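Let me begin by presenting the structure, written as structure tokens, before commenting on it.
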Amino acid sequence: MRQQRKPLPNILREIQSNKVFPVYLLCGEESFLVEGTLKQMLDHLLTPETRDFNLSFLEGTDVTTQEILSQVDTYPVMSEWRVVVVQDAALFKTQQRSTPITVVRNAFKIETTNASKCISTLAKLLDVTPQQVAERHLDFINAVDALVNELETRLSAEERQFLERLPQIAQELDVHSTDVSAVDDVELMLEWLQGDLPKNSVLIFTVRGPVNERNRLVRAIDDVGRYRPFAPIEAGPSVNRDPLYIKVSEKLSEHDKQITPRAFTQLRNRTGGDMHTIAEALNKIINFVGDKRQVDEQDIRNIVTQNMYDSIFDLTDAIGKRSAKQALKSLHDVLSSGQEPIPVNSTIARQFRFALQAKLIAEKKELRPFRGRMPLK
Numbered sequence: 007m008r009q010q011r012k013p014l015p016n017i018l019r020e021i022q023s024n025k026v027f028p029v030y031l032l033c034g035e036e037s038f039l040v041e042g043t044l045k046q047m048l049d050h051l052l053t054p055e056t057r058d059f060n061l062s063f064l065e066g067t068d069v070t071t072q073e074i075l076s077q078v079d080t081y082p083v084m085s086e087w088r089v090v091v092v093q094d095a096a097l098f099k100t101q102q103r104s105t106p107i108t109v110v111r112n113a114f115k116i117e118t119t120n121a122s123k124c125i126s127t128l129a130k131l132l133d134v135t136p137q138q139v140a141e142r143h144l145d146f147i148n149a150v151d152a153l154v155n156e157l158e159t160r161l162s163a164e165e166r167q168f169l170e171r172l173p174q175i176a177q178e179l180d181v182h183s184t185d186v187s188a189v190d191d192v193e194l195m196l197e198w199l200q201g202d203l204p205k206n207s208v209l210i211f212t213v214r215g216p217v218n219e220r221n222r223l224v225r226a227i228d229d230v231g232r233y234r235p236f237a238p239i240e241a242g243p244s245v246n247r248d249p250l251y252i253k254v255s256e257k258l259s260e261h262d263k264q265i266t267p268r269a270f271t272q273l274r275n276r277t278g279g280d281m282h283t284i285a286e287a288l289n290k291i292i293n294f295v296g297d298k299r300q301v302d303e304q305d306i307r308n309i310v311t312q313n314m315y316d317s318i319f320d321l322t323d324a325i326g327k328r329s330a331k332q333a334l335k336s337l338h339d340v341l342s343s344g345q346e347p348i349p350v351n352s353t354i355a356r357q358f359r360f361a362l363q364a365k366l367i368a369e370k371k372e373l374r375p376f377r378g379r380m381p382l383k
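Note that the working numbering has the sequence shown beginning at 7, numbered continuously upward.
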């Protein structure tokens, strides 16, 4: 029996009712909603007067777990909360496991520039500690022998010598600090999540794009905090029941305006349903229509540019109809929108392939003739 997905939390409503969790993960393809939710969270948690003292933004691709936790463990200044935002943390990105020979060669390259990482990386590969490397522990010796036998001729003479001098490299380091750096970032974060979490700090991860819900880190965050994915808003069964129509209507109502169902449908089609594009379009519409209360189709046509998919479809459709004038106009629109010529050419070629395939199928009598109405029996 399939496990039922638990309902998505209303994070903002919880924070407004003083239900604040120590860690949050905001992610998904709808980056506009991720950014909007983060902004509202920060507005609720921090006052303008103390925000600069209690808010840290970290770029996830360049920061370690230790650096993140160091920021989180800092006590707030004249505020109830300290907030640390980590954007696009590498912790949530699936990485392919490197082969042993690749690990050895990468470690060899950084021997002189980052000896600590060199030792910790190889210690992890050999399943020993940096201390055992420095002490020439029997486990280390056996692990190196097994690795050399496994790689055999793929190891160069220089790489073999490099493995032999690992204990000497490790002895020149503070192996106790190296031990800490040897701990995997994900494991260190999991250990933190399973411990006593700070009472006055909030850690917020934001990730552009979806994450793997089965990831141990995602599940651990969901257990003690809040995991909130933001997927593109799907069209409803009718315009009035479309969640995006409701959001657009609410936004326009703030400015004493309405949008007709037909105009909304055109807006959704022309923007591809992308929230960022829709938000920008609504700002233009509000300024453009002035005192006019109802936004109609003509307003959308005047203000919102067709997205690339509509334009390319118009182009291929005109080619199929052998309308040179319309095809050239559509081609101009496509190229003016910033599309590269090569992908456009590929789309045109694909249209010709489809037309040729349909012709060949029809000639082989494999395509049934279209009937205007179903026969009655």
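Note that the Cβ used here is the ideal one computed from N, Cα and C, for glycine as well. These figures come from a predicted structure and were not determined experimentally.
Residue state for Ile147 is assigned as helix, using DSSP reduced to three classes. C-alpha of Phe360 to C-alpha of Asn218: approximately 36 Å in a straight line.
Three or more Cβ pairs closer than 8 Å define a contact, and the segment 13–21 meets that threshold against the segment 231–245. Under DSSP, the beta-bridge partners assigned to Tyr30 are Ile210, Arg232.
Given a length threshold of 3 residues, the segment 282–353 has no whole run of the beta strand (DSSP E) inside it. A Cβ-Cβ contact shorter than 8 Å links Val83 with Phe59. With contact defined as three or more Cβ pairs closer than 8 Å, the segment 121–134 and the segment 147–154 are in contact. The secondary-structure analysis by DSSP pairs Ser37 with nothing; it has no beta-bridge partner. The shortest CA-to-CA distance from Ser255 to any of Val26, Asp248, Gln264 is the one to Gln264.
Counting every other CB atom within 10 Å of its CB across the protein chains shown gives Glu36 a total of 16 or more, marking it as buried. A straight-line Cα-Cα distance of about 38 Å links Asp297 and Ala333.
Following the DSSP letters along the chain, one finds Phe63 inside the beta strand (DSSP E) bounded by residues 61–65. In the three-state reduction of the DSSP assignment, Ile239 falls in the coil class, being assigned neither a helical nor a strand state. One thing to note: Val230 has its Cβ no nearer than 8 Å to the Cβ of Val69. Ala285 is not a Cβ neighbour of Val310, given a cutoff of 8 Å. Here the alpha carbon of Gly279 sits roughly 22 Å from the alpha carbon of Val295. Taking 3 residues as the minimum length, the beta strand (DSSP E) runs contained wholly in the segment 75–131 are 88–93, in order along the chain. About 6 Å separates the Cβ atoms of Asp94 and Arg214, confirming a contact at the 8 Å cut-off. With 16 or more other Cβ atoms from the protein chains shown falling within 10 Å of its own Cβ, Ala176 counts as buried. For Arg142, there is no enclosing alpha helix (DSSP H), as DSSP marks it with neither H nor E. Burial state of Pro349 is exposed, judged by a 10 Å Cβ sphere holding fewer than 16 other Cβ atoms. When rounded, the separation of the alpha-carbon atoms in Arg276 and Ala355 is 24 Å. Per the coordinates, the alpha-carbon of Ile325 lies some 11 Å from the alpha-carbon of Thr353. Glu197 and Val224 have their C-alpha atoms some 13 Å from each other. Leu250 is a Cβ neighbour of Arg274, given a cutoff of 8 Å. With contacts defined as CB atoms closer than 8 Å, Leu64 and Asp191 fail to qualify as a contacting pair. In the DSSP assignment, Asn275 falls within the unbroken alpha helix (DSSP H) covering 267–277. Closest in alpha carbon position to Glu170, among Leu194, Met195, His143, is His143.
Judged by DSSP in its simplified three-state form, Gly215 adopts strand.
Residue range 17–22 is occupied by the alpha helix (DSSP H) that includes Arg19. With a 10 Å radius around the Cβ and a threshold of 16 neighbouring Cβ atoms, Arg247 comes out exposed.
When secondary structure is reduced to three states using DSSP, Gln200 falls in the coil class, being assigned neither helix nor strand. The alpha-carbon separation between Leu61 and Ala241 amounts to approximately 37 Å.
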